[in-house]
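Enquirer: Handing you a structure now.
Numbering (my numbering), first residue to last: 1450 to 1639.
The following block contains the structure:
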């Protein structure tokens, strides 16, 4: 909530004859979702780690030291007690899959700039390289409805390119392909 409030912008509109600004109406406008995300990401990278001594007791002296520590930190700052896990590495305890072996997007129709850079973010920032793999997709196509109760389809094959994050030096042969089955029905009336 504070991140949304912190990124709200004041927007004004003038009212008047022939473009004069005799009256002005102003309001706070919600930011784009991405702007809030960027704001939080910056706060995350600048977050302060606070070390609390476990078992220090609840004496008046300790409470005073804690109050003094926190009073030196702005209410607008993000603080944390523990370091974040390394999201690049698999951590089964926390349920983190890591990025090795993950599929990423690089090329394709209707991809945003953000999606086209997913390989660079997922692989590159974790010291992995992008491996290109060709895969043969098999799907149902040219489906026809036969009177009562039967749909008959052909099996169509299409070669697609997929991208994965792998360790340097562990890339497979570039022409290695896999077969992926996907059900997609396109009905044609008979």
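Note that beta-carbon positions come from the ideal geometry of N, C-alpha and C, so glycine has one too.
Quick one: give me the first and last residue of the beta strand (DSSP E) that residue 1589 is part of.
Expert: Here the beta strand (DSSP E) through residue 1589 covers 1578-1595.
Enquirer: In the structure shown, what three-state DSSP assignment does residue 1484 receive?
Expert: Residue 1484: helix per DSSP, three-state reduction.
Enquirer: Considering just the uninterrupted stretch of the beta strand (DSSP E) at residue 1615, what are its terminal residues?
Expert: Segment 1599-1615, the beta strand (DSSP E) holding residue 1615.
Enquirer: Taking just the CA atoms, how far does residue 1484 sit from residue 1526?
Expert: The alpha-carbon atoms of residue 1526 and residue 1484 are separated by roughly 18 Å.
Enquirer: Sort 1590, 1497 and 1565 by Cα distance to residue 1555 and report the nearest one.
Expert: Among 1590, 1497 and 1565, the Cα nearest to that of residue 1555 is on 1565.
Enquirer: Residues in its own chain within less than 7 Å of residue 1478 by CB, not counting five upstream and five downstream?
Expert: Once the five neighbours on either side are set aside, the close Cβ partners of residue 1478 are 1457, 1458 and 1460.
Enquirer: By the 10 Å Cβ neighbour count, where 16 or more other Cβ atoms means buried, how is residue 1495 classified, buried or exposed?
Expert: Result: exposed.
Enquirer: Could you check what DSSP says for residue 1458 in three-state terms: helix, strand or coil?
Expert: In this structure, residue 1458 counts as strand in the three-state DSSP scheme.
Enquirer: Under a Cβ-count criterion, where at least 16 other Cβ atoms within 10 Å of its own Cβ denotes burial, should residue 1633 be classed as buried or exposed?
Expert: The pLDDT assigned to residue 1633 is 35, lower than 50, so where the model puts this residue is not dependable; a value taken from the coordinates is nonetheless given after this. So residue 1633 ends up on the exposed side.
Enquirer: Do three or more CB pairs link the segment 1541-1551 to the segment 1579-1596 at distances below 8 Å?
Expert: Short answer: they don't touch.
Enquirer: Report the rounded CA-to-CA distance for residue 1574 versus residue 1536, giving the unit in angstroms.
Expert: In a straight line, the C-alpha of residue 1574 is about 10 Å away from that of residue 1536.
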